[in-house]
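The structure appears right after this line, and notes come after that.
Protein chains: 2
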Amino acid sequence: MSAGPEVSLGPGAAVLAVDVGGTDTKSALVDGSGVVREVLRRPTPRDAGRTGERVVDEAAAVAAELAARHPDVTPRALGLVVPGIVDDERGVGVWSENLGWRDAPFAEAASARLGLPVSLGHDVAAAGWAEYRLGAAAGYRDALVVTLGTGIAAAVLLDGRPYRGGGLAGEIGHARVADGPDCVCGGRGCLEAVASAAAIARRYTDASGIQVPGARDVLAAMEDGDAVARAVWDEALDALALGLSHVVALLAPQAIVLGGGLSHAGDTLLAPLAERLGALLTFHRRPALVPARLGGDAGVLGAALRARDVAPSAGGGA
Amino acid sequence: MSAGPEVSLGPGAAVLAVDVGGTDTKSALVDGSGVVREVLRRPTPRDAGRTGERVVDEAAAVAAELAARHPDVTPRALGLVVPGIVDDERGVGVWSENLGWRDAPFAEAASARLGLPVSLGHDVAAAGWAEYRLGAAAGYRDALVVTLGTGIAAAVLLDGRPYRGGGLAGEIGHARVADGPDCVCGGRGCLEAVASAAAIARRYTDASGIQVPGARDVLAAMEDGDAVARAVWDEALDALALGLSHVVALLAPQAIVLGGGLSHAGDTLLAPLAERLGALLTFHRRPALVPARLGGDAGVLGAALRARDVAPSAGGGA
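So the protein lines, in turn, are chains A and B.
Quick note on the numbering used here: the first sequence kicks off at 1 and runs consecutively.
Quick note on the numbering used here: the second sequence kicks off at 1 and runs consecutively.
Pasting the structure below:
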């Protein structure tokens with residue numbers, strides 16, 4: 001599950017990293033040589049209206065626990081990444097529908113609590129940054145790192161830098177690619193409503209009357225010859241290809257990295273998607289379509305990279 | 001026609017600027033206080049297979065002419081912008097279908113000929129940069145400057161910088177927004193095939209049997225109550241709104257500046273386009289839709305800005 005031992009950040013400050021997810025929170029301690037010493041995974045604390053404060057409590061608890069077990073590593077900064085709309089510059093979690101905070105001053109609160117500089121970032125953006133610096137997008141100057149999970153969103157990496165658009169960039173899941181169905185965002189025919197893992201399962205159930213727990217089951221049915229599953233999957237691929245063709249026309253990325261749950265479909269996804277995307281392009285720069293490399297650890301590694309950016313340069317750590 | 005006297009680049013090096021268009025070439029002399037002293041407009045030289053060389057000849061001739069008329073201004077650099085695919089970094093005109101060059105080493109050739117540092121750029125990108133620095137997009141950090149003319153293309157300005165994607169960014173005219181018609185690029189249903197000025201005129205003629213010289217005549221017919229003209233214009237607006245909605249989802253620009261011939265339609269374009277775009281958006285950052293301010297001089301002003309970037313800093317000019 002953990003990519004920790006396989007990936008090194010290289011020499012720099014020792015840092016703490018915390019990636020707050022909708023279900024679980026992952027925390028990591030990175031030493032001065034860039035080795036991830038330990039990754040902890042715990043349920044994300046939830047406390048109606050106070051989840052933001054509990055996240056900071058949890059970061060402090062994890063910091064103490066990791067300090068006790070790794071006394072030779074003294075972290076110099078914390079990278080904290082959270083979902084929703086995030087204002088990196090002010091260090092504020094602007095809004096999370098799922099976790100229920102609004103204008104949560106994470107950076108300030110965590111810094112006061114831990115006595116460390118804190119960099120707050122967005123989970124999808126941080127995961128994308130990690131893939132760009134350490135993973136599947138390394139070596140490409142212009143890239144998109146797309147998360148195909150319950151939702152669909154992307155990190156935009158251009159000319160060596162993340163592009164954030166005030167925290168609202170990368171919402172490719174909410175651009176219209178079909179005449180329907182309705183999307184949770186209030187739109188219609190959004191990419192996410194057709195091609196996310198959740199949408200694929202839901203659309204299969206709607207069309208077949210068969211309840212399935214997830215997109216994986218739809219893929220399994222398709223491989224057993226289920227024509228409804230095939231139609232749902234093909235529509236998802238068409239929608240993804242169309243959405244990505246707009247990205248290619250606008251930004252001409254050299255690579256599009258695909259991560260998130262659906263990307264585990266491997267060549268069942270990549271090969272037909274590349275074919276459909278290719279059919280939509282003419283003179284455009286054709287991006288490499290590549291699977292994400294850092295898996296579920298991309299977010300916490302991105303948090304660690306952020307932490308290093310704010311660590312005092314003198315604090316080389318352990 | 002000329003925005004010259006109204007726009008100042010501010011203090012800096014005196015420079016020459018040349019904007020090579022498909023029909024005309026504009027050249028300007030900017031003095032050390034940033035005032036555009038003169039703008040010349042001449043037919044773009046054409047010489048089968050040698051147009052690239054003739055462009056450099058023309059730049060040298062214009063430089064001599066301007067020097068004779070403005071002996072008090074000594075330009076320290078040349079900014080040259082050309083259409084097609086341009087490699088800014090190497091200073092090479094990679095390809096122009098319209099003007100017929102391939103791998104033309106403009107920067108090197110012009111520099112040898114004029115004895116000045118030369119910055120080569122792309123015409124649409126340079127016009128966008130001028131609108132971003134001096135025109136309608138000034139004051140917005142993240143913006144798109146769209147040219148709606150014979151073709152449709154955009155300059156992408158993000159976090160204070162132009163994004164070029166290896167010279168292939170901004171090709172929003174070649175993303176699919178409809179089931180048809182065929183596009184010159186080999187694609188189908190491209191934005192440019194539905195909503196460019198040329199497409200609007202062509203589609204009106206196809207549907208009505210009435211020959212028209214341009215989109216302006218289709219708009220005039222619409223205002224006289226012509227239902228075919230109305231339908232063609234509405235389809236163009238729908239296509240533009242859909243294409244721009246993908247841009248908004250991906251980049252969340254604060255402003256989208258509309259220039260090129262079609263933008264002269266003013267509120268006939270802007271008001272219904274804003275309404276249609278608004279209907280496609282939900283939580284997204286809604287961009288200001290604003291008309292370009294620099295008109296046909298945007299390209300040559302962008303060339304002048306590029307020239308200033310390569311002018312020797314000691315050479316403050318006149």
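The beta carbon of each residue, even a glycine, is placed where N, CA and C say it ideally should be.
| Item | Value |
| --- | --- |
| On the CB-based measure, 16 or more other CB atoms within 10 Å of its CB, does ALA107/A come out buried or exposed? | buried |
| If you follow the alpha helix (DSSP H) that ASP87/B is part of, which residue opens it and which one closes it? | First-last for ASP87/B: 85–87, but that is the beta strand (DSSP E), not the alpha helix (DSSP H). |
| Do we get a CB-CB distance below 8 Å when we pair SER27/B with the residues of chain A? | no |
| From ARG285/A to ALA279/B, what does the alpha carbon distance come to, in whole angstroms? | 31 Å |
| Just the Cα atoms here: how many angstroms apart are SER119/A and GLY214/B? | 54 Å |
| Buried or exposed for LEU9/B, going by 16 or more other Cβ atoms inside 10 Å? | buried |
| Quick check: what's the CA-CA separation for LEU258/B versus ARG42/A? | 50 Å |
| For the beta strand (DSSP E) containing ALA153/A, list its first residue and its last residue. | 152–158 |
| Using a beta-carbon distance cut-off of less than 9 Å, what residues from the region 237–260 of chain B approach chain C? | Here the protein chains are A and B, and chain C is not one of them. |
| Cutting at 6 Å between CB atoms, please list the residues of its own chain near ALA127/B, excluding the five before and the five after it. | ALA298, GLY299, GLY302 |
| If we count Cβ pairs, one from each stretch, closer than 8 Å, do we get three or more for the region 200–219 of chain A versus the region 150–170 of chain A? | no |
| Please confirm if SER313/B has its CB atom under 8 Å from at least one CB of chain A. | no |
| Give me the chain A residues within the contact set of HIS284/B, using Cβ-Cβ distance strictly less than 8 Å, ordered along the chain. | LEU168, GLU171, HIS174 |
| Name the one or two DSSP bridge partners that CYS190/B has. | ARG176/B |
| Which runs of the beta strand (DSSP E) spanning at least 3 residues fall entirely within the region 77–136 of chain B, listed in chain order? | 78–82, 85–87, 92–96, 101–104, 118–122 |
| Would you tell me roughly how many angstroms separate the C-alpha atoms of ASP182/A and HIS246/A, rounded to the nearest one? | 21 Å |
| Hey, out of GLU58/B, ILE85/B, ALA130/B, GLU275/B, whose CA is closest to GLY100/B's CA? | ILE85/B |
| So what's GLU171/A in DSSP terms, helix, strand or just coil? | coil |
| Using a Cβ cut-off of 7 Å, pull out every chain A residue sitting near TYR204/B, in sequence order please. | Chain A residues near TYR204/B: none, gap ~25 Å exceeds 7 Å. |
| Contact defined as beta carbons within less than 8 Å: I believe GLY121/A pairs with GLY173/A. What is the distance between those atoms, to the nearest angstrom? | Actually they do not touch by this definition, with Cβ atoms about 19 Å apart. |
| Mind pulling the chain B residues with CB within less than 9 Å of TYR132/A? | Neighbours of TYR132/A on chain B: none; closest Cβ ~15 Å, over 9 Å. |
| Under 9 Å, CB to CB, which of the residues in the region 123–157 of chain B have a partner in chain A? | ARG141, ASP142, LEU144, ALA154, VAL156 |
| If I'm right that LEU289/A touches ALA197/A with Cβ under 8 Å, what's the distance once you round it to whole angstroms? | With 8 Å as the limit, LEU289/A and ALA197/A do not qualify as a contact, their Cβ atoms being about 18 Å apart. |
| Which of the three DSSP states, helix, strand or coil, is assigned to GLY243/A? | helix |
| Please report the distance separating the alpha-carbon of MET1/B from that of GLY296/B. | Per-residue confidence for MET1/B stands at a pLDDT of 41, beneath the threshold of 50, marking its modelled position as unreliable; no derived number is given. |
| Would you tell me roughly how many angstroms separate the C-alpha atoms of LEU191/A and ALA249/B, rounded to the nearest one? | 11 Å |
| Kindly indicate if chain A contains any beta-carbon less than 8 Å away from that of GLY299/B. | no |
| For GLY165/B, go through chain A and note every residue whose CB falls closer than 8 Å to its CB, in chain order. | ASP142, LEU158, LEU251, ALA252, PRO253, ARG285 |
| To the nearest whole angstrom, what separates the beta carbons of ALA255/A and ALA137/A, a pair I think is in contact under 8 Å? | 6 Å |
| When you compare only the Cα positions, how much space is there between ALA221/B and ALA304/B? | 40 Å |
| With DSSP as the reference, label ALA28/A as helix, strand or coil. | strand |
| From the DSSP secondary-structure annotation, give me the bridge partner or partners of ARG203/A. | ARG203/A is not bridged to any residue. |
| Would SER2/A pass as an interface residue toward chain B - the criterion being a Cβ-Cβ separation below 8 Å? | Legend: pLDDT at SER2/A = 45, less than 50; position of this residue unreliable, no value from coordinates given. |
| From the DSSP output, read off the bridge partner residues of GLU38/B. | LEU29/B |
| Output needed for ASP179/B: all residues of its chain with C-beta closer than 8 Å, excluding positions within five of it in sequence on either side, in chain order. | ARG188, GLY189 |
| List, in order along the chain, the chain B residues whose C-beta lies closer than 7 Å to that of GLY186/A? | THR282 |
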